[in-house]
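If you read the protein sequences in the order shown, they are chains A and B. When we follow the UniProt record's numbering, the leftmost residue of the first sequence carries the number 1, and every step to the right adds one. When we follow the UniProt record's numbering, the leftmost residue of the second sequence carries the number 1, and every step to the right adds one. Quick notes on the structure that follows.
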Amino acid sequence: MSELPLSATADAALQAAPATKARGYWATVGRRIMRDRVSMACALVLLLIFLSAILAPWLGLEDPYKGSMIRRLRHIGTTGYPLGTDELGRDMLARLIYGGRLSLVIGILPVILAFCIGTSLGIVAGYVGGKLNTAIMRTVDVFYAFPSVLLAIAISGALGAGILNSIVALTIVFVPQITRVAESVTTGVRNMDFVEAARASGAGAFTIMRVHILGNVLGAIFVYATSLISVSMILAAGLSFLGLGTKPPEPEWGLMLNTLRTAIYVNPWVAALPGAMIFAVSICFNLLSDGLRSAMDIRN
Amino acid sequence: MLAYTARRIVYVVPIVISVALVCFLLVHITPGDPLVAVLPADASQELAAQLRAAYGFDRPLPVQFGLWLLRALHGDLGNSIATGRPVLAEVMRAVGNTVTLAIAAAVIGFTMGILLGLIAGYFRETWIDKVATSFAIAGVSVPHYWLGMLLVIIFSVQLNWLPAVGAGPSGSNSWAWDWAHLKYLVLPAITTSVIPMGIVTRTVRALTGDILSQDFVEALRAKGLRETGVFRHVIKNAAPTALAVMGLQLGYMLGGSILIETVFSWPGSGFLLNSAIFQRDLPLLQGTILILALFFVFLNLLVDIAQAAIDPRIKRG
Numbered sequence: 001m002s003e004l005p006l007s008a009t010a011d012a013a014l015q016a017a018p019a020t021k022a023r024g025y026w027a028t029v030g031r032r033i034m035r036d037r038v039s040m041a042c043a044l045v046l047l048l049i050f051l052s053a054i055l056a057p058w059l060g061l062e063d064p065y066k067g068s069m070i071r072r073l074r075h076i077g078t079t080g081y082p083l084g085t086d087e088l089g090r091d092m093l094a095r096l097i098y099g100g101r102l103s104l105v106i107g108i109l110p111v112i113l114a115f116c117i118g119t120s121l122g123i124v125a126g127y128v129g130g131k132l133n134t135a136i137m138r139t140v141d142v143f144y145a146f147p148s149v150l151l152a153i154a155i156s157g158a159l160g161a162g163i164l165n166s167i168v169a170l171t172i173v174f175v176p177q178i179t180r181v182a183e184s185v186t187t188g189v190r191n192m193d194f195v196e197a198a199r200a201s202g203a204g205a206f207t208i209m210r211v212h213i214l215g216n217v218l219g220a221i222f223v224y225a226t227s228l229i230s231v232s233m234i235l236a237a238g239l240s241f242l243g244l245g246t247k248p249p250e251p252e253w254g255l256m257l258n259t260l261r262t263a264i265y266v267n268p269w270v271a272a273l274p275g276a277m278i279f280a281v282s283i284c285f286n287l288l289s290d291g292l293r294s295a296m297d298i299r300n
Numbered sequence: 001m002l003a004y005t006a007r008r009i010v011y012v013v014p015i016v017i018s019v020a021l022v023c024f025l026l027v028h029i030t031p032g033d034p035l036v037a038v039l040p041a042d043a044s045q046e047l048a049a050q051l052r053a054a055y056g057f058d059r060p061l062p063v064q065f066g067l068w069l070l071r072a073l074h075g076d077l078g079n080s081i082a083t084g085r086p087v088l089a090e091v092m093r094a095v096g097n098t099v100t101l102a103i104a105a106a107v108i109g110f111t112m113g114i115l116l117g118l119i120a121g122y123f124r125e126t127w128i129d130k131v132a133t134s135f136a137i138a139g140v141s142v143p144h145y146w147l148g149m150l151l152v153i154i155f156s157v158q159l160n161w162l163p164a165v166g167a168g169p170s171g172s173n174s175w176a177w178d179w180a181h182l183k184y185l186v187l188p189a190i191t192t193s194v195i196p197m198g199i200v201t202r203t204v205r206a207l208t209g210d211i212l213s214q215d216f217v218e219a220l221r222a223k224g225l226r227e228t229g230v231f232r233h234v235i236k237n238a239a240p241t242a243l244a245v246m247g248l249q250l251g252y253m254l255g256g257s258i259l260i261e262t263v264f265s266w267p268g269s270g271f272l273l274n275s276a277i278f279q280r281d282l283p284l285l286q287g288t289i290l291i292l293a294l295f296f297v298f299l300n301l302l303v304d305i306a307q308a309a310i311d312p313r314i315k316r317g
């Protein structure tokens, strides 16, 4: 019975496995990022900003839309208005917190949409190859011929002002960038043995892409996408700042920065507050993305 | 080298045509009639039809594109609806100011970026590295239009050292390289320089770190080369990639200056683009975007060729 020793070793290996506590890849990454103090601090700041934006109506804040001509442009620290009031006498603290709702959505949604579209396009281009790859990737090249700020402004300028148009414009800006990354990681994986094995055992193209490719490339694309959130936040607020995104009286950080520009001679530090929020979110996402990147680089 | 250059130039042709197509289509994704800005509100049907024929809007799209491209090749991008002047002349005048701003910002941003990057890469994992890296991250994360506002608040409003807006004492478009004009350039140039500063710092830091950890550096040191000599090798090896990144950044500064030009009322191409958008001046919008994108494409071409000239490995690849 030549089988016996083999199954005996296999049994031994199975029993030994729990003892060595072989942790999964993502569990390891999670533990590594938990130990990174900078990443955790950024995650905490982002969590606070997100939670306050979501819970804004229940925080007992002033009405962010209600202005008053007699209390315009109060300074930071005024009783009742801890962060002062804006050019129409509306409470800045309330507007900054409510402003997070729209600002975060128009900043992050384009990256999520582009992540879904770009990943699909990139994996299909990378896996199928041939003419389809050429068609997709040459189209991507065309969008790379525009500086991203110019492209975003050109599209939303042509479509006209509006939240939806600004989200569409930013999504179009990010899709080519994510497609390029997705395509390049997919071409790296498509000829590996396990893909070959799946193909040999009769798996269809769609199954291979969904099961075998996606799981192996998603991490890299995800990290890249998180690094785009910072740019997206700045650009989305920038479009509103130009008057191409949100319309007044909606509280949104970029638009608030624009309308408060006239107040820099009267109350400069209140006028600068909305930008500080954009900066905080943007730098936290950047640092978190860097932390995630190095946590995922297990070999080091 | 010649063959590589020729190949690279031929590759640019389809890109240029597609860029033109995107700019052309931009006008056609605009909601509503492209004539809306020229047409008086109470215009009759006949007048509308006449104008549509005059602008060629009644022909099929591919024909319109062909005619537009042909005219564009002859330098005719139509006339601005707002001013009635030729688009090309308007854009070229504004681009000059944007180039001035971009070059000033590049000098500041690239010098700072290279210095910080080299220092950070050399003193890796020390406090010096941490400070330089923080600067870099802040540079790429800051909403630059907000930084512009902050600088105006500090240096114009509070200290009253530098002017807040405009590009010259008379508010004119004539630029001169004297202090009276230069002080208008200081704040916008510093604001524009932070993003390239951050990106160049990160690139040069990574390159320096990689090169210093290679075996040949060990060998150079073992042979007794002084650190200044090692540094020369680092710079030579980092140059091609750093150059490519800087070229791309210069292109971004030229094409993405709209926000900063709006903050500082700098009379450049971005400022022009802004007014084109809000006056629904579609020929001007189309022309400005086309010229800026072409600048970007040709700058990329130049960078590729320059990179191949200093790094022989690229041509063979």
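Backbone N, C-alpha and C fix where the C-beta goes; we use that ideal spot for every residue, glycine too.
With distances taken between CB atoms, is the gap from residue i to residue j smaller than 8 Å?
i: A158(A); j: V63(B); result: no
i: G270(B); j: E261(B); result: yes
i: G268(B); j: R205(B); result: no
i: A54(B); j: D281(B); result: no
i: A182(A); j: T246(A); result: no
i: G198(B); j: G139(B); result: yes
i: T288(B); j: L273(B); result: yes
i: D36(A); j: G219(A); result: no
i: L61(A); j: I108(A); result: no
i: A189(B); j: I114(B); result: no
i: L290(B); j: A20(B); result: yes
i: W266(B); j: N97(B); result: yes
i: P240(B); j: Q286(B); result: no
i: S257(B); j: T192(B); result: yes
Within 8 Å of any Cβ in chain A, is that where the Cβ of residue i sits?
i: Y252(B); result: yes
i: I289(B); result: yes
i: N237(B); result: no
i: S265(B); result: no
i: Y184(B); result: no
i: F135(B); result: no
i: Y4(B); result: no
i: residue 322(B); result: In the structure as shown, chain B starts at 1 and stops at 317, and residue 322(B) therefore has no counterpart that could be examined.
i: L88(B); result: no
i: N160(B); result: no
Check residue i in the structure and name its three-state DSSP category.
i: T207(A); result: helix
i: D215(B); result: helix
i: D281(B); result: coil
i: Y65(A); result: coil
i: H74(B); result: coil
i: D36(A); result: coil
i: Y11(B); result: helix
i: V99(B); result: helix
i: E261(B); result: helix
i: W161(B); result: coil
i: K247(A); result: coil
From residue i to residue j, what does the alpha carbon distance come to, in whole angstroms?
i: F50(A); j: R101(A); result: 8 Å
i: M253(B); j: M233(A); result: 19 Å
i: S2(A); j: E196(A); result: Only weak support is given to the placement of S2(A): the predicted model assigns it a pLDDT of 43, under 50, and the value that follows is read from those uncertain coordinates. Their backbone Cα atoms lie some 31 Å apart in a straight line.
i: G209(B); j: L150(A); result: 33 Å
i: H74(B); j: V16(B); result: 15 Å
i: T259(A); j: L25(B); result: 32 Å
i: D141(A); j: R226(B); result: 45 Å
i: P163(B); j: L182(B); result: 10 Å
i: P86(B); j: D76(B); result: 8 Å
i: Q45(B); j: L255(A); result: 39 Å
i: F115(A); j: S230(A); result: 14 Å
i: G162(A); j: E125(B); result: 46 Å
Per DSSP, residue i is paired with what?
i: Y4(B); result: For Y4(B), which the question treats as bridged, DSSP gives no partner whatsoever.
i: T78(A); result: Y81(A)
i: P86(B); result: N79(B)
i: D91(A); result: T85(A)
Is the Cβ of residue i closer than 8 Å to any Cβ of chain B?
i: P82(A); result: no
i: Y224(A); result: no
i: R293(A); result: no
i: F241(A); result: yes
i: N286(A); result: yes
i: D141(A); result: yes
i: A43(A); result: no
i: L150(A); result: yes
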